[in-house]
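Novice: The numbering used here puts the first residue of the sequence shown at 8, with every later residue one more than the last. Just so it is clear, CB atoms sit at the ideal spot from N, CA and C, and this is done for glycine as well.
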Amino acid sequence: MPAGHGVRSRTRDLFSRPFRKKGTIHLSTYLRTYHIGDYVDIKVNSVIHKGMPHKFYHGRTGQVWNVTKLSLGIEVNKQVGNRIIKKRIHVRIEHVQPSRCTEDFKLRKKKNDELKAEAKARGEIISTKRQPEGPKPGFMVEAATLETVTPIPYDVVNDLKGGY
Numbered sequence: 008m009p010a011g012h013g014v015r016s017r018t019r020d021l022f023s024r025p026f027r028k029k030g031t032i033h034l035s036t037y038l039r040t041y042h043i044g045d046y047v048d049i050k051v052n053s054v055i056h057k058g059m060p061h062k063f064y065h066g067r068t069g070q071v072w073n074v075t076k077l078s079l080g081i082e083v084n085k086q087v088g089n090r091i092i093k094k095r096i097h098v099r100i101e102h103v104q105p106s107r108c109t110e111d112f113k114l115r116k117k118k119n120d121e122l123k124a125e126a127k128a129r130g131e132i133i134s135t136k137r138q139p140e141g142p143k144p145g146f147m148v149e150a151a152t153l154e155t156v157t158p159i160p161y162d163v164v165n166d167l168k169g170g171y
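(1) Under the assumption that R67 contacts V87 (Cβ atoms under 8 Å), give the Cβ distance between them as a whole number of angstroms.
(2) Pick out whichever of L114, I81, R90 has its Cα sitting closest to the Cα of R99.
(3) Give the straight-line distance between the Cα atoms of P139 and R129, rounded to the nearest whole angstrom.
(4) Decide if the region 117 to 136 is in contact with the region 90 to 107; the criterion is three or more beta carbon pairs, one per stretch, under 8 Å apart.
(5) DSSP puts R67 in a beta bridge; with which residues?
(6) Going by alpha carbons, who is nearest to V103 out of P60, K113, A10?
(7) For the alpha helix (DSSP H) holding L21, just list the boundary residues, first then last.
(8) Tell me, to the nearest whole angstrom, how far the beta carbon of T135 is from that of K127; I am working on the premise that it is less than 8 Å.
(9) Since F22 and S53 should fall inside the 8 Å C-beta cutoff, what is the C-beta to C-beta distance between them, to a whole number of angstroms?
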């Protein structure tokens with residue numbers, strides 16, 4: 008028989024729950040607050056069938072554009088042919104988790120603000136731009152002794168007799 012092309016086809020492993028992560032959903036999933044503009048990761052929870060996104064969106068990161076009572080409107084980029092379309096989909100809260108994609112940026116921003124405040128107190132102007140990592144410093148290899156290795160001649164006659 009030919010393979011089916013249903014909405015959940017080829018999702019046996021994709022939607023399966025991880026080891027020791029089966030069972031009831033934690034309340035923190037429902038009590039989390041989302042705001043418009045937040046980045047979220049779409050991670051399908053196969054226990055909840057309602058509001059489940061298509062398998063294409065599983066593992067994608069999008070931005071919240073609408074917040075309703077039980078779901079979120081998420082804007083996700085999708086490549087179709089040679090162009091990228093912004094798709095707006097509604098997904099229930101169980102299938103969404105806050106993304107950590109802007110975590111490093113926020114930490115860097117906070118650190119830069121602190122550095123600027125310290126520099127301003129000293130009366131200096133500093134650059135907070137990221138610099139590429141330069142080449143590693145050179146070094147000299149010392150106490151290296153050379154050892155010449157010569158091969159042992161192969162003796163066919165002694166080898167046939169059973170050793171030396």
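Specialist: Taking the definition as stated:
(1) Contact flag wrong, Cβ pair sits at about 14 Å.
(2) I81
(3) 27 Å
(4) no
(5) In the DSSP output, where bridge partners are listed per residue, R67 has none listed.
(6) P60
(7) Careful: L21 lies outside any alpha helix (DSSP H) and carries neither H nor E.
(8) Between K127 and T135 the Cβ distance is about 12 Å, and since that is not below 8 Å, they are no contact.
(9) In this structure F22 touches S53 by the C-beta definition: roughly 4 Å separates them, less than 8 Å.
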